[in-house]
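Taking my numbering, the leading residue of the sequence shown gets 159, the next gets one more, and so forth.
Heads up: the structure comes next, in structure tokens.
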Amino acid sequence: PNSTIAIIDPMLSVGSNTRDDRMTHYMHQAATGLDHDKRIVQLSDGSSIHFRQSILLATGARGSPPPPSLVDDRAMSRILELRSTEAFASTSSMESGRQRRPVMSPEGVRRMTLMAASQGAKVCITGSGVEALELAAAAAHASSASNNMNGDKRRKRKGGNKNGNSDGDNAKVTLIFGGAGALSSLPRYLSTAVTKRLQQRGIDVQSRSLIRYVAMHSYNDTEECEIHTAKSYDTMDTQRTRTDLLVLAPSIKGQCGTAVIPIATDLSNMSISSAIKPPSSFTPWSFISPAINCYVDDGRVVVNSELNAASRIYAAGSVAKHPSPETGHASVAGEGVTDATLAGEVAAHNMAREYYERSSARPFSGRDFGSMEMLQSSR
Numbered sequence: 159p160n161s162t163i164a165i166i167d168p169m170l171s172v173g174s175n176t177r178d179d180r181m182t183h184y185m186h187q188a189a190t191g192l193d194h195d196k197r198i199v200q201l202s203d204g205s206s207i208h209f210r211q212s213i214l215l216a217t218g219a220r221g222s223p224p225p226p227s228l229v230d231d232r233a234m235s236r237i238l239e240l241r242s243t244e245a246f247a248s249t250s251s252m253e254s255g256r257q258r259r260p261v262m263s264p265e266g267v268r269r270m271t272l273m274a275a276s277q278g279a280k281v282c283i284t285g286s287g288v289e290a291l292e293l294a295a296a297a298a299h300a301s302s303a304s305n306n307m308n309g310d311k312r313r314k315r316k317g318g319n320k321n322g323n324s325d326g327d328n329a330k331v332t333l334i335f336g337g338a339g340a341l342s343s344l345p346r347y348l349s350t351a352v353t354k355r356l357q358q359r360g361i362d363v364q365s366r367s368l369i370r371y372v373a374m375h376s377y378n379d380t381e382e383c384e385i386h387t388a389k390s391y392d393t394m395d396t397q398r399t400r401t402d403l404l405v406l407a408p409s410i411k412g413q414c415g416t417a418v419i420p421i422a423t424d425l426s427n428m429s430i431s432s433a434i435k436p437p438s439s440f441t442p443w444s445f446i447s448p449a450i451n452c453y454v455d456d457g458r459v460v461v462n463s464e465l466n467a468a469s470r471i472y473a474a475g476s477v478a479k480h481p482s483p484e485t486g487h488a489s490v491a492g493e494g495v496t497d498a499t500l501a502g503e504v505a506a507h508n509m510a511r512e513y514y515e516r517s518s519a520r521p522f523s524g525r526d527f528g529s530m531e532m533l534q535s536s537r
């Protein structure tokens, strides 16, 4: 009960719910280093924090950063990322004069998207995961509610384009993804049913579509963002979609996501061998601290069933993977809000148990929810 918690998150929005109190301190910087032996976390502003007991890594996962070569610099201000990869651009990229996408928290991106849709703006969302579909459905509802309040009764077309979608020129919300259907991890008939339900809500669903480039063009003295796509099965089958706001929300489920984190400093100024420098400004936690091991394919932290990565270091949520006794393979330690909350409870329980056993030199005797399997079975 007398513990002090420090939350390090550069994406935290300053507000009444993020003010320091007696037990919680909010650090609006990024972690640039982790000294396991000295129990010190280095921050991007040059300061450091010494943790007495343990540390929890919960940086989540994100989609791959979109290549800037496909985007017109003038369109950068119209593009938002649900999970930003622009939070810490390297010094060299900032000095080059390249335009950057706006940096917002996921909550801020959601609010901005719904506000734009409610004001009649055209919104395009890329991705086929739960987050992208939920955001598209919420934006369509906000747009429809705004039209009803303004007395704008739009007639719904009985037909559609050749792909069976709603008419792209009239649709206020567009959903673009490269897979065959929304939520492709579901059985085919369920994925098809979800796609049809989205179309019934007036969403222009463009499946099997790959973005070729994003540009800005002027129409009737108004600049609009144009998204040029091509079908994955026929690159000659192209389509142009006009939008006011483009939201990037790639799926991060399973192997689709990556847990690498953006680094806040320019590695060219660091005294490390060029042979071990990562090729971009993103790096796994194993590069931040040698005490942490990460998977090569997706950069997720290796943890056991108690979500322990190393002595006094825990990782929970989509940033980590733990061994699954059901499949014999490593499973993501908490995907989505519900499972991530369960993973946080498991990690917090084990952190408290470790503190109790260290301070009292007695084994923990409370109710044990010390593993993912035990907590999930109790629910």
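Here a beta-carbon is modelled for each residue, glycine too, at the ideal position from N, C-alpha and C.
Remember, it's a predicted structure, so these values are computed and weren't measured experimentally.
Do you know how far the Cα of residue j is from the Cα of residue i?
| i | j | result |
| --- | --- | --- |
| A275 | L403 | 9 angstroms |
| D456 | A417 | 6 angstroms |
| P442 | S304 | 43 angstroms |
| I198 | G285 | 38 angstroms |
| S376 | C383 | 9 angstroms |
| L170 | A467 | 25 angstroms |
| P168 | P264 | 12 angstroms |
| S390 | R268 | 29 angstroms |
| S518 | H208 | 22 angstroms |
| D392 | S365 | 13 angstroms |
| S343 | T496 | 18 angstroms |
| E515 | N508 | 10 angstroms |
| R359 | G191 | 47 angstroms |
| A216 | T396 | 40 angstroms |
| Q187 | R259 | 19 angstroms |
| S301 | H386 | 24 angstroms |
| D193 | S206 | 10 angstroms |
| M394 | I334 | 17 angstroms |
| A388 | F445 | 37 angstroms |
| L500 | R458 | 18 angstroms |
| G221 | T243 | 9 angstroms |
| V490 | P225 | 26 angstroms |
| G502 | G492 | 8 angstroms |
| M273 | K280 | 11 angstroms |
| S161 | S447 | 25 angstroms |
| Y453 | R511 | 27 angstroms |
| P483 | N451 | 20 angstroms |
| D195 | F440 | 24 angstroms |
| P481 | V504 | 15 angstroms |
Start and end of the beta strand (DSSP E) containing residue i?
| i | result |
| --- | --- |
| H183 | T182 to M185 |
| A389 | Note that residue 389 corresponds to Lys in the displayed sequence, not to Ala. K389 -> beta strand (DSSP E) spans T380 to K389. |
| K354 | K354 -> not in any beta strand (DSSP E); alpha helix (DSSP H) instead, spanning R346 to Q358. |
| Y453 | That residue, Y453, is in no beta strand (DSSP E); it is neither H nor E in DSSP. |
| E484 | Neither: E484 is in no beta strand (DSSP E) and is coded neither H nor E. |
| H194 | Neither: H194 is in no beta strand (DSSP E) and is coded neither H nor E. |
| D497 | Where D497 is concerned, there is no enclosing beta strand (DSSP E), although the alpha helix (DSSP H) it sits in stretches over G494 to S518. |
| S376 | S367 to Y377 |
| R269 | No beta strand (DSSP E) holds R269; the alpha helix (DSSP H) holding it covers P264 to S276. |
| I207 | S206 to H208 |
| I237 | I237 to E239 |
| V281 | V281 to T284 |
| L406 | L403 to L406 |
| A164 | I163 to I166 |
Do you know whose CA, among the options, lies nearest residue i's CA?
| i | options | result |
| --- | --- | --- |
| T182 | A417, I165 and G494 | I165 |
| M262 | T284, V281 and L238 | L238 |
| D362 | A188, S390 and A297 | A297 |
| I163 | M185, G266 and L170 | M185 |
| G486 | T496, S463 and F445 | S463 |
| D203 | H194, M273, E503 and A189 | A189 |
| G218 | M509, P420 and A488 | P420 |
| V405 | D195, R180, S235 and L201 | S235 |
| L291 | Y513, M270 and L341 | L341 |
| N328 | A233, M270, G278 and E484 | G278 |
From what residue to what residue does the alpha helix (DSSP H) around residue i run?
| i | result |
| --- | --- |
| N328 | First-last for N328: undefined, no H or E at that position. |
| I410 | I410 -> no alpha helix (DSSP H), and no H or E assigned at all. |
| S134 | Residue coverage of the chain in this structure runs from 159 to 537, which leaves residue 134 outside it and unanswerable. |
| F445 | W443 to I446 |
Between residue i and residue j, which are expected to be in contact by the criterion C-beta below 8 angstroms, what is the C-beta distance as a whole number of angstroms?
| i | j | result |
| --- | --- | --- |
| G336 | T350 | Their Cβ separation, rounded to whole angstroms, is 17 angstroms, which puts G336 and T350 out of contact at 8 angstroms. |
| A498 | G475 | 4 angstroms |
| T401 | T332 | 7 angstroms |
| V461 | A478 | 5 angstroms |
| L240 | E289 | 6 angstroms |
| A294 | L356 | 7 angstroms |
| C282 | T380 | No, C282 and T380 are not in contact; Cβ-Cβ is about 17 angstroms, not under 8 angstroms. |
| S409 | G494 | The pair is not a contact, with the Cβ atoms about 12 angstroms apart (cut-off 8 angstroms). |
At a threshold of 7 angstroms, does residue i count as lining the ligand SAH (C-beta to nearest heavy atom)?
| i | result |
| --- | --- |
| V418 | The model depicted lacks the ligand SAH and carries no ligand whatsoever. |
I'd like to know if residue i contacts chain C, where contact means its C-beta is closer than 8 angstroms to some C-beta of that chain.
| i | result |
| --- | --- |
| K196 | Protein chain content of the structure displayed is limited to a single chain, and chain C is not contained in it. |
The stretch 229 to 238 touching the stretch 366 to 386, judged by at least three CB pairs closer than 8 angstroms: yes
At least 3 beta-carbon pairs within less than 8 angstroms: the stretch 467 to 474 vs the stretch 209 to 220: yes
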